[in-house]
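In this note's numbering, the protein residues as written are 773 to 908.
Using N, Cα and C, we set each Cβ at its ideal position, and we do this for glycine too.
For clarity, every value in this text was computed on a predicted model and none was experimentally measured.
In structure tokens form, the structure reads like this:
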């Protein structure tokens with residue numbers, strides 16, 4: 773038996789009681805991310821990225837600049853909940869795990885608050901400029 777990390781009630785499963793389940797975990801627990809097609813696509817796209825750029829996260833505009841990272845993951849550009857194609861390479865980009873997790877948590881929290889998060893064309897354009905500078 774353990775105490776729920778939220779309310780302090782006794783629980784026999786994990787660190788939270790039934791009234792306070794984890795609301796994150798859209799990564800490894802999400803059905804698409806456990807699909808063998810996603811695993812193969814992820815490995816292929818990350819290998820292609822590393823071949824082109826090395827172990828570098830290209831960032832996501834001024835808030836998250838280009839930096840070295842050996843912990844790269846594949847991100848959906850258009851979220852699945854917004855109609856993004858789950859196994860389309862054109863709907864993916866390679867990011868460092870920490871930034872991918874941050875963006876996922878922001879999306880979940882914004883939706884929970886009733887807000888809609890969209891990537892602005894300016895941020896996507898800045899990413900293209902960063903890639904151009906990085907490639908030379």
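Sorting 780, 783, 790, 880 by C-alpha distance to the C-alpha of residue 853 places 880 at the top.
Counting only the Cα atoms, residue 850 lies some 15 Å from residue 873. In the structure shown, residue 774 falls within a strand segment according to DSSP collapsed to helix, strand and coil. Secondary structure at residue 845: strand, using DSSP grouped into helix, strand and coil. In this structure, the alpha-carbon of residue 774 lies about 43 Å from that of residue 861. Within the model, the alpha-carbon separation for residue 786 versus residue 776 is close to 8 Å. Residue pairing from DSSP places residue 829 in a beta bridge opposite 839. Apart from sequence neighbours up to five positions away, the residues of its chain that approach residue 863 with a beta-carbon distance below 8 Å are 848, 849, 850, 856, 857, ordered along the chain.
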